[in-house]
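Numbering (the UniProt record's numbering), first residue to last: 1 to 112.
Down below is the structure, laid out as structure tokens.
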Amino acid sequence: MKWYLLVLSKYVEFSGRARRKEYWMFLLFNVIIGIAYGVVLVILDLEESRFWRNLYPLLVFLPGLAALVRRMHDSNRSGWWALCPVANLVFACFEGTRGQNRFGPDPKQPMQ
Numbered sequence: 001m002k003w004y005l006l007v008l009s010k011y012v013e014f015s016g017r018a019r020r021k022e023y024w025m026f027l028l029f030n031v032i033i034g035i036a037y038g039v040v041l042v043i044l045d046l047e048e049s050r051f052w053r054n055l056y057p058l059l060v061f062l063p064g065l066a067a068l069v070r071r072m073h074d075s076n077r078s079g080w081w082a083l084c085p086v087a088n089l090v091f092a093c094f095e096g097t098r099g100q101n102r103f104g105p106d107p108k109q110p111m112q
């Protein structure tokens, strides 16, 4: 949950880098929360309402995009790769650049 909250706290921060763990844990929690949200909508008979159905995806769109751009930066790639779904899925799986790169310090390194 700490990784999910970390991404939400950087919801419009497109600079810097994001570790694989940060990105994938955010994605995992999005799936879990999205499923739970869908179940609640069905139970409350709100699944036909466009407002309620689209609320959660709209709330996490920018944080998710920012995390993906930072994830691309971690592998020393431009954030524009986030616009290419197949490539960003592949790139997000690879380990980031060790040490500092052109987008900032290694997020795995302890702060000094």
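Ideal Cβ placement from N, Cα and C applies to all residues, glycine included.
Next on the checklist: For residue 51 and residue 36, I'd like the C-alpha separation in whole angstroms.
Outcome noted: Straight-line measurement puts the Cα of residue 36 at about 17 Å from the Cα of residue 51.
Item to check | contact_flag[the region 96-109, the region 68-75] where n(CB pairs < 8 Å) is 3 or more | outcome: Inter-segment contact for the region 96-109 and the region 68-75 is present: three or more beta-carbon pairs are separated by less than 8 Å.
Next on the checklist: By the DSSP assignment, the alpha helix (DSSP H) with residue 21 in it spans what residues?
Outcome noted: Element bounds for residue 21: 20-43.
Item to check | For residue 65 and residue 82, believed in contact at Cβ under 8 Å, the rounded distance | outcome: Yes, they are in contact, since the Cβ atoms of residue 82 and residue 65 sit about 6 Å apart, within 8 Å.
Next on the checklist: Going by DSSP, what residue range makes up the alpha helix (DSSP H) through residue 72?
Outcome noted: First-last of the alpha helix (DSSP H) with residue 72: 50-74.
Item to check | 8 Å Cβ cutoff met for residue 34 and residue 11 | outcome: No, the Cβ-Cβ distance between residue 34 and residue 11 is not below 8 Å.
Item to check | Nearest-angstrom Cα separation, counted from residue 3 out to residue 84 | outcome: Cα to Cα, the separation comes out at about 24 Å.
Checklist entry - Helix or strand or just coil, what does DSSP make of residue 16? => result Secondary structure of residue 16 (DSSP, three-state): coil.
Item to check | Boundaries of the alpha helix (DSSP H) in which residue 88 is found, first to last residue | outcome: From DSSP, the alpha helix (DSSP H) with residue 88 extends over 85-93.
Checklist entry - Do residue 17 and residue 95 come within 8 Å of each other at the CB atom, strictly closer than that value? => result No; because the gap between Cβ atoms is not below 8 Å, this pair is not in contact.
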